[in-house]
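Mapping to full-length UniProt numbering: the sequence shown position 355 is 355, numbers consecutive.
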Amino acid sequence: MTATALDVLRSLRHASTKAGVPGPAALIGDWWDADAVIAPSIEIRAGSAPPDGTDRFWLGYCGFDGSHAPAATLPACAGGLTERLLVLRSGQWRHVSVDGSPQPAWVTRAMDDAALGRVGGNPPCSGSIRSESHWSARWLPPDHAHHVEAIVKCLEAIRAGDIYQACVCTRFTGHLEGSALEFYLDLTGATRPAKSAFLQGEWGAVASFSPETFLRRRGTTVSSSPIKGTIAAHADPSVLSASTKDIAENIMIVDLVRNDLGRVAATGSVRVADLLTVVPAPGVWHLVSRVEAIVAPEVGTSRLLDATWPPASVTGTPKLRARELLAEWESSARGVYCGAVGLAGPDSLLDLNVAIRTVEISPDGTLGLGVGGGITIDSDPEREWQECLDKAASIISRQSGRPTSRSVR
């Protein structure tokens, strides 16, 4: 029986603690053309950004920057390097090592434990893994009046011709009691986001439940899949596909992505591979497009990020002016939110999400969850506020997790 990614991650956490080595980090969902990528043991340190030309695998995050608001609680970026990964493709786990070294014995035991439904060598419980810890989260909503005021200012800037569109954001805050890993496991199992991730270190933890791909690179091919346009999951998705406001918003950001990639792409290679597809995500429907480009082999990760950072879908058009105004309008720093989480590696491998639906967890349990939405001339402030609540609902509606038996199927 093949163990699920969630059970493997839990088992590796127990095994790494027992072995006295750094814990695992995980990317679960659509990553590296697989269903999960897990580093069995990796030290995630503050200040480590994706490297150029690395011969190892980097897992980490880069936070959004440029805010005049008070500093966020987590480091601006954090990451770590590892020689080995566990990759789940086509229902089978594979050990990938950059130097060809074999899978460590403790990792093999942890994988076996996960497949047999036991953690830390404990006997299986009716073919399931039993969680050994629980968690609870308390959330406080953002300031409604301040967010609506920021949207009104954005609309005024659009009418004045200063910008065409901007992503105005706000922030839920809260406190977590218990295990950050169990919090991530429970929410990932319940919502199954497209590009979830879990990173942890002495600096805190990041639990990302993102539906959006920022940059995906394989060799010389780079793609980005911006999300713009959202309605609640209970609504008719055809309403989204027919929405003048949401279509305009998406196309404006597609043009911005085309411009960003065009800074480093081969002339004539930038193309829109998919436009305005309605896609389900936890709690909502989204409009998603995909832009592709060809870059020369000598274009490294840092140069690619310089051209495209921060993600187009969470800034606005024109990008530089939108960022200046957003820094004035928003009352809290975005932190990790609206940055990117993911993987870099040999042969120009790069796979990053947009860090939306992403929870920041400080060492003392303080929680942060950014939410926002794109504002165009047709935006209604109260509807935009409701969109923020809809986007957060899949995370804040689940406020506790108790020790329960989990199927390994």
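Think of the CB as a built atom: it goes at the ideal place given N, C-alpha and C, for glycine as much as any other residue.
| Three-state class that DSSP yields for G335 in the structure shown | coil
| query | Starting from D246 and walking both ways along the alpha helix (DSSP H), at which residues does that stretch end? | reply | Element bounds for D246: 244 to 262.
| Rounded Cβ spacing between S196 and G401 (contact assumed at less than 8 Å) | About 16 Å; that fails the 8 Å criterion.
| Distance, Cα to Cα, G20 vs G201? | 14 Å
| the segment 340 to 360 contacting the segment 45 to 63, beta-carbon criterion three pairs below 8 Å | Contact between the segment 340 to 360 and the segment 45 to 63 is present: 3 or more CB-CB pairs across the two stretches fall below 8 Å.
| said: For the segment 222 to 239 against the segment 280 to 299, do three or more pairs of beta-carbon atoms, one drawn from each stretch, fall closer than 8 Å, so that the two count as touching? | reply: yes
| field | Rounded C-alpha distance that separates Q103 from S97 | value | 8 Å
| What's the C-alpha gap between I231 and D112? | 42 Å
| Straight-line CA distance for R216 to W31? | 9 Å
| said: Tell me the residue span of the alpha helix (DSSP H) that contains R109. | reply: 105 to 116
| query | In three-state terms, what does DSSP make of P237? | reply | helix
| query | Quick one: Cα of T2 to Cα of L12, how far? | reply | T2 and L12 have their C-alpha atoms some 15 Å from each other.
| field | Cβ shell of A340 (< 7 Å), same chain only, five flanking positions each side left out | value | Y61, C62, F214, P311, L352, N353, V354, A355
| task | Taking the CB atoms as reference points, tell me whether A190 and R398 lie closer together than 9 Å. | result | yes
| For A137 and F183, believed in contact at Cβ under 8 Å, the rounded distance | Yes, F183 and A137 are in contact; Cβ-Cβ is about 7 Å, under 8 Å.
| message | Can you look up R45 in the DSSP assignment and give me helix, strand or coil? | response | strand
| message | Classify A5: buried if its beta carbon has 16 or more other beta carbons within 10 angstroms, exposed otherwise. | response | buried
| task | For I129, count neighbouring Cβ atoms within 10 angstroms of its own Cβ and tell me buried if that reaches 16, exposed if not. | result | For I129, the pLDDT reaches just 44, beneath the cut-off of 50, and the residue's location in the model is therefore unreliable, although a value from the coordinates is still provided. It is buried - the Cβ of I129 has at least 16 other Cβ atoms within 10 Å.
| query | Roughly how many whole angstroms lie between the Cα atoms of C338 and G117? | reply | Straight-line measurement puts the Cα of G117 at about 36 Å from the Cα of C338.
| request: Output yes or no for whether 9 Å exceeds the beta carbon distance between L88 and P40. | output: no
| request: Leaving out five residues on either side along the sequence, give the residues of the same chain with a beta carbon under 6 Å from the beta carbon of E384. | output: I151, G373
| Beta-carbon contacts of D260 that lie in its chain and below 7 Å, excluding the five residues immediately before and after | A307, T308, A312
| Taking all protein chains shown into account, do 16 or more other C-beta atoms lie within 10 angstroms of the C-beta of H286, making it buried, or fewer, making it exposed? | buried
| task | Return helix, strand or coil for S397, following the three-state DSSP convention. | result | coil
| task | Kindly confirm or deny that the segment 260 to 269 and the segment 161 to 179 touch, where touching means at least three C-beta pairs closer than 8 Å. | result | no
| said: Looking at the secondary structure, which residues open and close the beta strand (DSSP E) in which I375 lies? | reply: 366 to 375
| task | Whole angstroms is fine: what's the gap from E43's alpha carbon to P282's? | result | Their Cα atoms are separated by approximately 30 Å.
| Out of curiosity, what's the CA-to-CA distance linking E382 and C388? | 10 Å
| field | Backbone secondary structure at P40 - three-state DSSP | value | DSSP places P40 in coil when its eight states are reduced to three.
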